[in-house]
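Trainee: First residue of the first sequence? That's 1 in the working numbering, and the numbers climb one at a time after it. Note that CB positions come from ideal geometry on N, CA and C, so glycine has one too.
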Amino acid sequence: MTVPLALRPVAAQEFSLAATLASGQVFHWSPQGQGYAGVIDESPVYVEQQGDRLLTTGEPAVVARYFALDHPLAEIYASFPDDPAMRAALEYCRGMRIIRQPAWECLATFITSSMKQVAHIAQISRVLRERYGRRLGPGGPYAYPGPERLAVLREDDLRACALGYRAGNLLKTARMIAAGEVDLDAIRAMPDDLAREELCRLAGVGEKVANCVLLFACERVRAFPIDVWIERVLRENYFKGKRKVTAGRLRDFTREYFGEYGGYAQQYLFHHARSARHRKS
DNA sequence: TGCCAGGCCAAAT
DNA sequence: ATTTGGCATGGC
Numbered sequence: 001m002t003v004p005l006a007l008r009p010v011a012a013q014e015f016s017l018a019a020t021l022a023s024g025q026v027f028h029w030s031p032q033g034q035g036y037a038g039v040i041d042e043s044p045v046y047v048e049q050q051g052d053r054l055l056t057t058g059e060p061a062v063v064a065r066y067f068a069l070d071h072p073l074a075e076i077y078a079s080f081p082d083d084p085a086m087r088a089a090l091e092y093c094r095g096m097r098i099i100r101q102p103a104w105e106c107l108a109t110f111i112t113s114s115m116k117q118v119a120h121i122a123q124i125s126r127v128l129r130e131r132y133g134r135r136l137g138p139g140g141p142y143a144y145p146g147p148e149r150l151a152v153l154r155e156d157d158l159r160a161c162a163l164g165y166r167a168g169n170l171l172k173t174a175r176m177i178a179a180g181e182v183d184l185d186a187i188r189a190m191p192d193d194l195a196r197e198e199l200c201r202l203a204g205v206g207e208k209v210a211n212c213v214l215l216f217a218c219e220r221v222r223a224f225p226i227d228v229w230i231e232r233v234l235r236e237n238y239f240k241g242k243r244k245v246t247a248g249r250l251r252d253f254t255r256e257y258f259g260e261y262g263g264y265a266q267q268y269l270f271h272h273a274r275s276a277r278h279r280k281s
């Protein structure tokens, strides 16, 4: 059995670990004991919340950075538009943060997310880790397999992980990254529009997935991914009864209306909408 | 059973 | 610039 590790405290004001991990931005954390077990880069981490602090087996500075405990939440909330949908989402998600994910892991999981429910994205992520990821210590969890590892597989290997038509996209993208054809580190330093354009060169990456990578892995808190849930929220709350509102019109509206922390607003609206749907049944 | 899920892509308008 | 059909798989 594992050796019991000392839990170290991390100050965490204005933070909800539960909301953050349940919000569909990261998929591999699982409930364990009083908290959650997961992996940050190549380190196994256990973390639980006790009021205004976290207790973790991880390196405190690494945990604080991963969960973005430095984001100015009061300033972010002050930037949210004042309307009923936004107020309800803020009330429900208070303390949720946009975390800083490793870029490749984020990119790959969102390539597999196309036309999939959150539960199944998590399932695919788990199979890929267990089948092709490096095991982090005896009996430990698995790291997400890097692009070099996936690049040498065949499409059928990935189809066997229930990826369906996404298998070819993940494989092509892994090969492009492994070959240095697209450089994720370079993208992190580019202006938003150029970074998005560069990400869209990858197989299975369109505007929505590119925005997820920009938001969840590149610290672009303006990036506003529009999926089927958010599109529904936008149409029902901001374009009620109007016809012929095109995708382009929606995109322009979000940039203007939600502003500097649009990505945060988007994630709050997304998590609230999904949670409301699941509570109904 | 049928419909929907954190879409993308190529082709046609 | 926008619309349309095809693509795999699993949950409800």
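(1) How about GLY263 and ARG220: do their beta carbons lie closer than 9 Å?
(2) Give me the residue from SER113, TYR257, HIS278, ALA178 with the minimum Cα distance to ASP82.
(3) Give the DSSP-derived three-state secondary structure of PRO31 in the structure shown.
(4) Does the distance from the C-beta atom of PRO145 to that of LEU128 stay below 9 Å?
(5) Nearest to PHE67 by CA position, among CYS93, LEU107, ASP52, LEU21, is which residue?
(6) Leaving aside the five residues before and after ARG166 along the sequence, list all residues of the same chain whose C-beta is less than 7 Å from its C-beta, in chain order.
(7) Using DSSP with H/G/I as helix, E/B as strand and the rest coil, what is ILE40?
(8) The beta strand (DSSP E) with VAL290 in it runs from where to where?
(9) Given this structure, state the Cα-to-Cα distance separating ILE177 from CYS218, to the nearest angstrom.
(10) With DSSP collapsed to three states, give me the class of LEU194.
(11) Buried or exposed for SER281, please, with buried defined as at least 16 other CB atoms from any protein chain shown within 10 angstroms of its CB.
(12) Secondary structure at VAL245, three-state DSSP: helix, strand or coil?
(13) For the structure I just gave you, are there three or more beta carbon pairs, one from the stretch 82-94 and one from the stretch 117-126, closer than 8 Å?
(14) GLY33: which of GLU14, GLY24, THR56 sits nearest, CA to CA?
(15) Whole angstroms is fine: what's the gap from LEU158's alpha carbon to THR109's?
(16) So what does DSSP say about LEU150, is it helix, strand or coil?
(17) Is it true that the stretch 72-80 meets the stretch 24-41, where meeting means three or more beta-carbon pairs spaced less than 8 Å apart?
(18) Count the CB pairs spanning the stretch 46-54 and the stretch 131-140 that are closer than 8 Å, and state whether there are at least three.
(19) Along the chain, which unbroken stretches of the alpha helix (DSSP H) at least 4 residues long are found entirely within the stretch 222-281?
(20) Any idea what DSSP makes of MET1, helix, strand or coil?
(21) Near ALA103, what residues of its chain come up, given a Cβ to Cβ distance below 6 Å and the 5 sequence neighbours on each side ignored?
(22) Could you give the distance in angstroms between the alpha-carbon of ALA273 and the alpha-carbon of TRP229?
(23) Measure from the alpha carbon of VAL62 to the alpha carbon of each residue in SER23, PRO9, ARG235, then state which is nearest.
(24) Which full runs of the beta strand (DSSP E) of 3+ residues lie inside the stretch 79-114, going along the chain?
(25) Pull up the distance between the alpha-carbon of LEU171 and that of LEU153, whole angstroms please.
(26) State buried or exposed for CYS161, treating a residue as buried only when at least 16 other CB atoms are found within 10 Å of its CB.
(27) In chain order, what residues of the same chain lie with their CB nearer than 7 Å to the CB of ALA85, ignoring the 5 residues before and after it?
(28) Apply the 10 Å Cβ neighbour rule to SER30 and answer buried if 16 or more other Cβ atoms are within range, or exposed otherwise.
(29) Going by other Cβ atoms of all chains shown within 10 Å of its Cβ, with 16 needed for buried, is GLY248 buried or exposed?
Mentor: Based on what the coordinates show:
(1) yes
(2) TYR257
(3) strand
(4) yes
(5) LEU21
(6) ILE111, THR112, SER114, GLY204
(7) strand
(8) This structure does not reach residue 290, given that the chain is present from 1 up to 281, and the question cannot be answered.
(9) 16 Å
(10) helix
(11) The predicted model places SER281 with a pLDDT of 48, which falls under 50 and marks its position as unreliable; any figure quoted below should be read in that light. That one is exposed.
(12) coil
(13) no
(14) THR56
(15) 13 Å
(16) helix
(17) no
(18) no
(19) 228-238, 247-258, 262-280
(20) Unreliable placement is indicated for MET1, whose pLDDT of 44 sits below 50; no coordinate value is reported for it.
(21) LEU184, ALA217
(22) 7 Å
(23) PRO9
(24) none
(25) 8 Å
(26) buried
(27) VAL233, ASN237, LEU269
(28) exposed
(29) exposed
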